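Trainee: Provided herewith is a single structure, encoded as structure tokens, for subsequent inquiry.
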Amino acid sequence: MQYRLEPKIDLSSKTKVAFVCSGGAVKAAAFHVGVAMALEHDGFVFEGGLSHENSELSASDPSKTISSYVGSSAGTLITSYLANGGGIKDILSAFQGDQSWEGIPGMKYWEMLSPRMNKATDFLGWNSFFVRMLRNRSLQSPFSTEGIVRYLNNNVLKTDRFSELRAELYIVTTELNRPKKVIFGKRILENSDPAYEYRNDVSIPDACAASMALPPIYHPYSIELDGKKRDFYDGEIWEPLSSHVGRDLGCDLVICSYTHQPLRLPLNKGVTLASMGVEKVTLQAIYQMIEQKIRAARGTRKREKELIDLVKRFFRDNELPTESLDKLVTLMEDRMVYKPNIDYIYIHPRSTDVEMFAAPHFSLKRVTTEKIVRKGYVAGRVAMRHMFLAP
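Its first residue numbered 1320, the sequence shown is counted upward by one per residue in the working numbering.
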């Protein structure tokens, strides 16, 4: 007889769930779609639409209702879509080759790579784009995220205001000239960390355009705040995988989807990344740097929990007053911004998946995106089973 293991996460106690989608261009967006499919398969539902619309999820189990979304870079495309009430099957038509499903149209290359030089005056004239580069002796990206914004406005967004959404949507950006993380959304959340700030005075399209401005492909995106123009770019630059936003939102279950997974090759196969070319070596280096940051953040939360448990054990073993323990633990949790009731689920590709690692980031080919969607689905199902959450 096979016995089912006890769940690592008790879903029955969860009251607010967040879905965090990291960056990585089209590759990441397709992976997030697959992850969302896996979550839906395991009973999760996605809250979305406008606040004045009637919700069909009013009677849904809050422990499996995703009502908060956090997007960085390419992740903003998926989180914005879900927060606006888009269905998983509808968005699949943009990433899979099955044309029998009706949904939003797939993004075109001319939308993804919108040229900054699209008029004759951008090439000619004293203050033209081309002449400014020569005069300032500075090479600038010829592309902007304006085309992606038009795609969002035409096919994804029901509103350009965070406040009009039923769900909570937060878009992560990085400020260019004053290095810090700026998070745009419905509310200004409490925050004691000077390295990032929350704002609620920017439109959803502007926030998305800023978050997806990946250098050096895209030019930084300017937004006027407090009467001054400020430049923003990719939301993953300052810190990858902003799971802390879920904590700041008061969520007690934070599901994180990301593709920045370094490749691990077996030593006994005689295969090495060094023979795959400078592109793959550079990608591995970037992924390793990002993975180190993610592991550091996860390690910090683990050490905080271990420290709290150590203090509790010390008080119990030495029969010290419970009242003093409660006060000390409360002080420690406040100082570390530690929330003991939060659980995190991290979903990413297998570290041995060479095909996923080598997949192009900006390909819109259906055969490529369809494979990545499937890999996201498998990764999501494996993660759920690992947490013993699968039905």
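Positions of the beta carbon are idealized from the N, C-alpha and C atoms, including for glycine. Quantities reported herein were computed from a predicted structural model and do not represent experimental measurements.
I'd like the ranges of any beta strand (DSSP E) spanning at least 3 consecutive residues and lying wholly in the stretch 1481 to 1511.
Mentor: 1487 to 1494 and 1499 to 1504
Trainee: If you draw a straight line from the alpha carbon of LEU1592 to that of MET1675, how long is it in whole angstroms?
Mentor: LEU1592 and MET1675: Cα-Cα distance of roughly 14 angstroms.
Trainee: Would you say VAL1352 and VAL1692 are within 8 angstroms of each other, going by their C-beta atoms?
Mentor: yes
Trainee: With DSSP as the reference, label ASP1553 as helix, strand or coil.
Mentor: Here DSSP, grouped into helix, strand and coil, assigns ASP1553 to coil.
Trainee: Between the C-alpha atoms of LYS1599 and ASP1636, what's the straight-line distance to the nearest angstrom?
Mentor: 53 angstroms
Trainee: For GLU1372, does the count of other Cβ atoms within 10 angstroms reach 16, so buried, or fall short, so exposed?
Mentor: With fewer than 16 Cβ atoms within 10 Å of its Cβ, GLU1372 is classed as exposed.
Trainee: How close, in whole Å, do the beta carbons of TYR1606 and HIS1563 come, if the pair is a contact with beta carbons under 8 angstroms?
Mentor: So it is not a contact: roughly 21 angstroms between Cβ atoms.
Trainee: To the nearest angstrom, how far is the alpha carbon of ALA1702 from that of ILE1666?
Mentor: Distance between the alpha carbons of ALA1702 and ILE1666: 6 angstroms.
Trainee: Spatial neighbours of ARG1654 within its chain, please: C-beta separation below 7 angstroms, excluding the five flanking residues on both sides.
Mentor: none
Trainee: Going by Cα to Cα distance, which pick from LEU1533, ILE1661, LEU1584 and GLU1494 is closest to ILE1542?
Mentor: For ILE1542, the nearest C-alpha among the options comes from GLU1494.
Trainee: My guess is that LEU1369 and GLU1483 are in contact by the Cβ rule of under 8 angstroms, so how many angstroms apart are they, rounded?
Mentor: About 6 angstroms; that satisfies the 8 angstroms criterion.
Trainee: Can you give me the Cβ contacts of GLY1292 inside the same chain, cut-off strictly under 8 angstroms, excluding the 5 residues immediately before and after it?
Mentor: What is shown of the chain runs 1320 to 1710, which leaves residue 1292 out entirely.
Trainee: On the premise that ILE1523 lies in contact with ASP1479, defined as a C-beta separation below 8 angstroms, what is that separation, rounded to the nearest angstrom?
Mentor: 5 angstroms
Trainee: Between the C-alpha atoms of PRO1659 and ARG1435, what's the straight-line distance to the nearest angstrom?
Mentor: 48 angstroms
Trainee: For ASP1525, which residues of its own chain have a beta-carbon under 6 angstroms away from its beta-carbon, when the five flanking residues on both sides are left out?
Mentor: ILE1542
Trainee: Is the beta carbon of ALA1532 sitting closer than 8 angstroms to the one on SER1387?
Mentor: Contact annotation: ALA1532 and SER1387 have beta-carbon atoms that are not nearer than 8 angstroms.
Trainee: Excluding five sequence neighbours on each side, which residues of the same chain lie with their C-beta closer than 6 angstroms to the C-beta of ILE1609?
Mentor: PRO1559 and HIS1579
Trainee: Under 8 angstroms between the Cβ atoms of LEU1683 and VAL1345?
Mentor: yes
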